[in-house]
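Q: Handing you a structure now.
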Amino acid sequence: MKPGFLNREHTRTSHVQIDTRKCKACWKCLDNCPNQVITKVDLPWHKHALIAEPGKCTGCLKCIEVCEYGAYSIADKTKQEAAKQRDKTFYSFITNNLLLLFGLIMIVSGLVLQLGFHVGSPGEQHESRSGIQSQTVYYEQARGLDTPDTIGGINYSNWSTLHKFAIVFFSLFMIYHLYIHWKWYKGVISKRLINKNIQVMTLSILFLLVALTGLIPWFIDLSGSVSVLRLIFIEIHDKLALVLVIYLILHVLKRSKWFVTACSKLKR
Ligand code: HEM
Ligand code: HEM
Ligand code: SF4
Ligand code: SF4
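In structure tokens form, the structure reads like this:
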């Protein structure tokens, strides 16, 4: 044997490592490795398996499976990568579930505001007579805590607060969701795969528009002004949001299997 032959390179690939002291020279790993990665040291007084071609290893883990003496184990680097992957799945699982929770509160509160208060409200009836300015005044009045109308025992102002509360958290988790899928967007755009992924791309643009048309009137409100512009934004916001709801439901339903797979991966 050449001096230095049995160095670290010959006891590991990027996927597996061998502890030659445990090897009983049965040669099962050699026979089962599909890529001829393993070789023999076969001297009368010294026999064991050895990694000959680490670069050819594909990580099929057959060697670990067939060795009855536990000479092979997963390489430390692979273990680290597996741990990293597990962490990633864990964080995605948590954020996706929180997205679901706050998304649900956001949709329910948004729909109550839109279908329960806006549609057919006295403000809507005013519109035909005295125009958008009167509706603005109605909205501003309805947002007061003294409004008599309630849905599910909650008045307009509190539904509106609930909607905003859900949106703050939803937006935070959305930032993480978009951050981890940033590469996906880059890939889709650079490989011109937009048509193939039209549903997620439409969802993304819709989300951006709904977020902008919701946040701008909120900032106008926070600045303390009562303006028609605010109402126009909300009117666009709540119509676009109805389409967004459909896309969101489709997005989540299509990925429902992901939740089951992630859950069983984490249990393992
Ligand atoms: C209720 C809210 C949402 C939930 C629960 C949700 C859940 C999921 C799940 C489970 C996946 C696949 C697993 C993963 O890689 O994380 C995914 C992928 C993705 N989501 Fe969402 N998502 C939501 C909203 C959104 C929104 C609003 C956008 C766009 C602005 C978006 C963009 C994406 C993208 C780009 C992917 C990767 C591509 C793909 O899987 O097709 N998601 N989402
Ligand atoms: C997806 C379903 C959604 C529906 C059905 C919906 C519906 C509505 C409705 C009807 C209002 C008017 C409330 C009011 O007059 O006080 C509103 C307000 C608002 N929405 Fe949404 N929305 C949805 C999603 C979103 C999203 C994704 C965002 C931002 C990320 C958002 C941000 C806001 C904000 C900030 C306001 C407050 C505007 C203000 O009163 O100054 N909404 N939404
Ligand atoms: S299967 Fe295990 S004991 Fe047999 S040669 Fe390979 S490493 Fe040695
Ligand atoms: S993991 Fe597969 S390819 Fe790599 S050495 Fe073991 S049996 Fe061969």
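Going left to right, the sequence shown walks through residues 163 to 430 as our numbering numbers them. Even glycine gets a Cβ: it sits at the ideal position worked out from N, Cα and C.
Between Ser387 and Trp321, is the Cβ-Cβ spacing less than 7 Å?
A: The answer is no: Cβ separation not under 7 Å.
Q: Given 6 Å as the limit, tell me if Phe331 has its C-beta closer than that to any heavy atom belonging to ligand 1.
A: Answer for Phe331: no, Cβ out of range of ligand 1.
Q: Assign Lys224 to buried or exposed, taking buried as 16 or more other Cβ atoms, counted over all protein chains shown, within 10 Å of its Cβ.
A: Its Cβ being crowded by 16 or more others within 10 Å, Lys224 is buried.
Q: With a threshold of 6 Å, establish whether the CB of Tyr347 neighbours any heavy atom of ligand 3.
A: No, ligand 3 has no heavy atom inside 6 Å of this Cβ.
Q: Any heavy atom of ligand 4 closer than 6 Å to the Cβ of Leu192?
A: Leu192: no, Cβ never under 6 Å from ligand 4.
Q: Excluding the 5 residues preceding and the 5 following Ser176 in the sequence, name in chain order all residues of the same chain whose CB lies nearer than 8 Å to its CB.
A: So the qualifying residues of the chain are Pro216, Cys219, Gly221, Ala237, Lys239, Thr240.
Q: Does the Cβ-Cβ distance between Cys195 and Cys229 come in under 7 Å?
A: In this structure, Cys229 does not lie closer than 7 Å to Cys195 by Cβ.
Q: Assuming Val203 contacts His210 under a Cβ cut-off of 8 Å, what Cβ separation, rounded to an integer in Å, is found between them?
A: Confirmed, Cβ separation roughly 5 Å.
Q: Below 6 Å, is the gap between the Cβ of Val199 and the nearest heavy atom of ligand 4?
A: Yes, since a heavy atom of ligand 4 falls inside the 6 Å radius drawn around the Cβ of Val199.
Q: From Leu391 to Pro379, what does the alpha carbon distance come to, in whole angstroms?
A: Those two C-alpha atoms are separated by around 8 Å.
Q: When DSSP builds the beta bridges, which residues end up paired with Leu205?
A: Note: Leu205 sits in a beta bridge opposite His208.
Q: Identify, in the order they occur along the chain, each residue of the same chain with its Cβ nearer than 7 Å to the Cβ of Leu368, setting aside the five sequence neighbours on each side.
A: Result list for Leu368: Leu402, Val405, Leu406, Tyr409, in chain order.
Q: Note down, in chain order, each residue of its chain lying with its Cβ closer than 7 Å to the Cβ of Gly232, except the 5 sequence neighbours on either side.
A: If we look at Gly232 and ignore the five residues flanking it on each side, its Cβ neighbours are Lys184.
Q: Alpha carbon to alpha carbon, how far is Arg430 from Thr423?
A: Their backbone Cα atoms lie some 11 Å apart in a straight line.
Q: Using only the heavy atoms of ligand 3, determine whether one of them is closer than 6 Å to the beta carbon of Lys209.
A: Incorrect: Lys209 has no Cβ contact closer than 6 Å to ligand 3.
Q: Rounding to the nearest angstrom, what Cα-Cα distance links Gly278 and Tyr318 in this structure?
A: Answer to the nearest angstrom: the Cα atoms are 9 Å apart.
Q: Is Gly221 near ligand 4, in the sense that its beta carbon is under 6 Å from a heavy atom of that ligand?
A: Yes, since a heavy atom of ligand 4 falls inside the 6 Å radius drawn around the Cβ of Gly221.
Q: So Ile342 packs on Ser254, CB below 8 Å; how close in whole Å?
A: At roughly 7 Å, the Cβ-Cβ gap stays under 8 Å, so Ile342 and Ser254 are in contact.
Q: Give the range of the alpha helix (DSSP H) segment to which Gln179 is assigned.
A: That residue, Gln179, is in no alpha helix (DSSP H); its beta strand (DSSP E) goes 178-180.
Q: Mark His208 as exposed unless 16 or more other C-beta atoms lie within 10 angstroms of its C-beta, in which case mark it buried.
A: It counts as exposed.
Q: Rounded C-beta distance between Leu260 and Phe327? I'm assuming under 8 Å.
A: Not a contact, Cβ separation roughly 14 Å.
Q: Going by Cα to Cα distance, which pick from Ile213, Val274, Leu263 is closest to Tyr197?
A: The amino acid at residue 197 is misidentified as Tyr; the sequence shows Asn. Residue Ile213 is the option with its Cα nearest to Asn197.
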